[in-house]
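Here the protein sequences come in this chain order: W and X.
All residue numbers for the first sequence refer to the numbering used here, where the first residue is 47 and numbers rise by one.
All residue numbers for the second sequence refer to the numbering used here, where the first residue is 47 and numbers rise by one.
Number of protein chains: 2
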Amino acid sequence: VDQSVASSVRGLGQFLRFASVSTDPGRAGDIHRCAQWLARQFQEAGLAATVEPTGGHPIVLARSERVAGRPTLLLYGHYDVQPAEPLEQWTTPPFEPAVRKDPHGFDAIYARGASDDKGQVWAHVQAIAAWNRCAKLPVNLLAVIEGEEEIGSPHLAQWMQENRQQLKADVAIISDSGQYARGVPAITCGLRGLVYAEVMVHGPSHDLHSGIYGGAVANPANALCALLATLHDAQGRVNVPGFYDDVAELSAAQRQAWNRLGTDEPAMAAELGVPALWGEKGFSALERRWARPTCDINGLSSGYQGPGAKTIIPASASAKVSMRLVPNQKASNIYAGFERALRQRCPAGVRLEVIQHSGADPSLVSEDSAALRCGLRAVQTGFGAAPVLIREGGSIPVVGLIKSILGIDTLLVGFGLPDDRVHSPNEKFDLAALHAGTRTAAALYQELSALGRSS
Amino acid sequence: VDQSVASSVRGLGQFLRFASVSTDPGRAGDIHRCAQWLARQFQEAGLAATVEPTGGHPIVLARSERVAGRPTLLLYGHYDVQPAEPLEQWTTPPFEPAVRKDPHGFDAIYARGASDDKGQVWAHVQAIAAWNRCAKLPVNLLAVIEGEEEIGSPHLAQWMQENRQQLKADVAIISDSGQYARGVPAITCGLRGLVYAEVMVHGPSHDLHSGIYGGAVANPANALCALLATLHDAQGRVNVPGFYDDVAELSAAQRQAWNRLGTDEPAMAAELGVPALWGEKGFSALERRWARPTCDINGLSSGYQGPGAKTIIPASASAKVSMRLVPNQKASNIYAGFERALRQRCPAGVRLEVIQHSGADPSLVSEDSAALRCGLRAVQTGFGAAPVLIREGGSIPVVGLIKSILGIDTLLVGFGLPDDRVHSPNEKFDLAALHAGTRTAAALYQELSALGRSS
């Protein structure tokens, strides 16, 4: 691994050139070319690899030669990325990867998907290649790298069901999370769930002159804002009946452990460009991000949005709204309560439409298992520092699918840094993290090879 | 006039081909070409005409030879138009005028600006040409056709100030309003005012991952909706302190007169594509449109607005908000109260920015004047039907400027129809209204020639 650092960065640069934006129908060609390219990289690393069709974007499936008596690892990752907009905020174009110093002076590669998740998948590809160059991969390895993670994995569950037999494994590994801070690597033991919905308010059949008709018809944009404003109370809590019913309270021990990790809240505020952090009263920022649910508007659109003025009552108004869920909330219950509350509160004179884009339950991983101990040792080897146990505010819905469909627990070993700006302009991946992550992956295969064996 | 119907429609078609969208900086060339073309049309109609530069888009100034002892009329109109978006809702392209039957089977010309205001300006150009073909225009006429009406006439006041001497006139005429209904022509005696503002809420310096940071920072889109939702109470009234303080209550006689005009509210709802009309309790739809103030969101924009899902906390959120004002509200007071209320209500954790795009006071015209009586007779001649006295929900801010700067009262004689869809896709102008309007303008010059003479 240490001898192939430069070629690893070059290879990741190729990976990042594919504009594999899964939500954009116009990028289907980029998605397919990216999948084909990735399959070839697994082949060059010594695995058999195929591009598997699904009802949507394809899955790259790679496998080592199956040796009886060895444990089998299921590696999951994704090669699709978030949209890159707003493009004008990128220093270098999102699909023209550029290596430069980050604001703290560390070398990084800048591109959409650098950290989420191509760079982390790439660390595994490089670790597999290194094993097969020098010795022989010491475990049976199955890699499932999908192309629809950023749109809620709509075809993954069915594909897993149909391929349950060949996906049998002892433990799953996902590297799609992060270190706690530079120099403090981590293993993630909890993830928030997600409900993503679109709320549309329909009014007149066409935009109306706001002078001629203003006052005579309900304004869909006014109605949408009134409706969305009901979703929080004055304390910043989500105002949907039953929303908090299943939320697990944190133990005092857990809160103490997280307090010891320490967050420099003013530094985080400065990093994000806000005067101060903000949120639900009674919880630290870390607790709010890891263990409290949210309801955030992700996008608003209505009427005239160009420069200057246009005096219209818009025909419609829409919002994208997502809720992050924590143990033990259920995505299906939360979406049902959300839609019910909106329907009850919708003002007169307009028509409401609500659709769900995706849903995923939150997940917690045991903090005491043989696989976790292997992970802790591998991270120590890879990063040269002891990892901490953390949670993650984001959602990796596949953890739930892997458990429910394949019956396998997942080990979340992530290599990103908190300032990687995933989903934002100028996303990056730290080159030292790519190196340490590749070392960690290589060590992890070794550690896990001693685990209980499958048949 | 009756003998040049076909050539009038052809000429209007040329006028409508200019994409003279004043709010769009990319259309400045179209604006200039349109002004040059219009000046030539006035010249061909027998007037001296020039294109006058301003700090923004130019003004077309046309004048008849000044004959002492005759009254002088100031004709105001505008050759700029609203943006045509959303383009996909147009049956034929907005700047490729098409003559076809409207949904009720009447011939109309479809294009952006057909009714607002090019078609109505064109009726006057044709009336002037007809007079000069057959006899000699019986009044001194000054035409001021500006290119910035749809963006609030930012340079008109200064230009009028600088040209006060040459703009001296006895009465002003504007044709930028409408008939009450097909077969019921009208003269407009009241206009609402307008305050147009933009409300921006700024949060983090870049879009953030809603999983990693959700709950830790204030969401600007959530904050914007919360803020805008405070602008109305549960009764549909505008919830800004002092907003109604100066609103003139309608007299019982006025309400009775308007009731006699009659509005078919279900028919209007069907026309607009809404299940029912809606608005402030205690007032008919006509009263709400003509004599009650409003606060409408004209546009909303924030975060991700493409297809599918993107899980971000947007860096900012913005809304375009307009308020229609009625006698005796003052635009300056209303904007000040609006901004003050927003600043007081802005939630913590975000930064608020409010700017004013334009402002115009409402206006009322005397229902008993010599000029009005001339107008009533001219409309009877032009349309063959007695006109009614109405108000207009829209704003023509120049009426106030003409009064305050030039000291002249305005006669509002409009030819549009309520279903012309001004500011909307598929705007049209009725060909019978073009003909009757041209006849009305020609008769109006004759009627007004007997008015009290200027020096």
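Where a beta carbon is used, it is the ideal one built from N, C-alpha and C, also for glycine.
Keep in mind the model is a prediction, meaning the values are calculated, not measured.
Inset, instruction - Ignore the nearest five residues each way along the sequence and tell me which others in ARG283(W)'s own chain have a CB closer than 7 Å to its CB. - result: GLU326
Inset, instruction - Mark GLU208(W) as exposed unless 16 or more other C-beta atoms lie within 10 angstroms of its C-beta, in which case mark it buried. - result: exposed
Legend entry - Cutoff 7 Å; reference SER68(X); Cβ partners in own chain excluding five residues on either side: ILE77, HIS103, ASP126, GLY193, GLU194, GLU196, ILE197
Inset, instruction - Would you kindly work out how many angstroms separate the C-alpha atoms of LYS474(X) and ALA232(X), rounded to a whole number? - result: 19 Å
Inset, instruction - Give the single residue among THR118(W), VAL113(W), ALA95(W) whose Cα lies nearest to the Cα of ILE105(W). - result: ALA95(W)
Legend entry - Beta-carbon neighbours of ASN265(X), restricted to chain W and to distances below 7 Å: ASP342, ILE343
Inset, instruction - Run the CB neighbour count on TYR156(W), radius 10 Å, all protein chains shown included, and call it buried at 16 or more, exposed below. - result: buried
Inset, instruction - Determine whether the Cβ of LEU318(X) lies closer than 8 Å to any Cβ atom of chain W. - result: yes
Inset, instruction - Tell me whether the beta-carbon of GLY405(X) lies closer than 8 Å to the beta-carbon of LEU490(X). - result: no
Inset, instruction - Could you give the DSSP three-state label for ASP476(W): helix, strand or coil? - result: strand
Inset, instruction - Output yes if chain W places a C-beta closer than 8 Å to the C-beta of SER501(X); else output no. - result: Annotation note: pLDDT 40 at SER501(X) (below 50); position unreliable, no value reported.
Inset, instruction - Please name the residue, chosen from HIS150(W), PRO471(W), ARG301(W), LYS164(W), that lies closest to CYS80(W) on a Cα-to-Cα basis. - result: LYS164(W)
Legend entry - ASP76(X), enclosing beta strand (DSSP E) - first and last residue: That residue, ASP76(X), is in no beta strand (DSSP E); its alpha helix (DSSP H) goes 74-90.
Legend entry - Residue-level contact to chain W via CB, GLY102(X), 8 Å cutoff: no
Inset, instruction - Please confirm whether any heavy atom of the ligand NAP lies closer than 7 Å to the CB of CYS420(W). - result: Among the components of this structure there are no ligands whatsoever, and the ligand NAP is therefore not found.
Legend entry - SER450(X) classed as buried or exposed, judged by whether at least 16 other C-beta atoms fall within 10 angstroms: exposed
Inset, instruction - Can you pull the chain X residues whose beta carbon is under 7 Å from the beta carbon of GLN351(W), in chain order? - result: GLY345, SER347
Legend entry - Distance between beta carbons of LEU202(W) and VAL444(W), contact taken as under 8 Å: 6 Å
Inset, instruction - Report the residue ranges of all beta strand (DSSP E) runs contained in full by the region 82-159 of chain W; include only those spanning at least 3 residues, in chain order. - result: 94-98, 105-109, 118-124, 144-147, 153-156
Inset, instruction - Go to ARG370(W), then tell me how far its beta strand (DSSP E) extends in each direction, as first and last residue. - result: 362-371
Legend entry - Coarse secondary structure for VAL55(X), derived from DSSP in three states: helix
Inset, instruction - Confirm, please, whether the CB-CB distance from ASP162(X) to ASP222(X) is below 8 Å. - result: yes
Inset, instruction - Kindly list, in the order they appear in chain X, the residues whose Cβ is closer than 7 Å to that of ASN285(W). - result: What ASN285(W) touches in chain X: nothing, since even the nearest Cβ is about 11 Å away.
Inset, instruction - Take ALA85(W) as the anchor and find which of SER110(W), ARG73(W), ALA363(W), GLY72(W) has the nearest alpha-carbon. - result: SER110(W)
Legend entry - Residue interval of the beta strand (DSSP E) (run including TYR381(X)): Per DSSP, TYR381(X) belongs to no beta strand (DSSP E); it is in the alpha helix (DSSP H), 377-391.
Legend entry - Whole-Å CB distance - TYR242(W) paired with ALA355(X), under 8 Å assumed: 5 Å
Legend entry - Those residues which DSSP pairs with GLY446(X) across a bridge: In the DSSP output, where bridge partners are listed per residue, GLY446(X) has none listed.
Inset, instruction - Could you please give me the residues that DSSP links to SER470(W) through a beta bridge? - result: According to DSSP, SER470(W) bridges with nothing at all.
Inset, instruction - Please look up how many angstroms separate the CB atoms of GLY249(X) and SER364(X), rounded, as I've assumed it's under 8 Å. - result: Not confirmed; about 12 Å, so no contact.
Inset, instruction - Kindly indicate if chain W contains any beta-carbon less than 8 Å away from that of GLN492(X). - result: no
Inset, instruction - Say whether chain W places a C-beta atom closer than 8 Å to the C-beta of SER256(X). - result: yes
Inset, instruction - Determine the chain W residues that contact VAL468(X) at a beta-carbon separation under 8 Å, and present them in chain order. - result: HIS255, ILE258
Legend entry - Buried versus exposed call for LEU133(X) [16 or more other C-beta atoms within 10 Å across all chains shown]: exposed
Inset, instruction - Check each residue of the region 391-408 of chain X: if its Cβ is closer than 7 Å to any Cβ of chain W, include it; give the result in chain order. - result: ALA394, GLY395, HIS403, SER404
Legend entry - Of the residues VAL51(W), ALA387(W), THR456(W), VAL217(W), the one placed nearest ARG116(W), counting alpha carbons only: VAL217(W)
Inset, instruction - In angstroms with no decimal places, state the Cα-to-Cα distance between THR484(X) and SER470(X). - result: 25 Å
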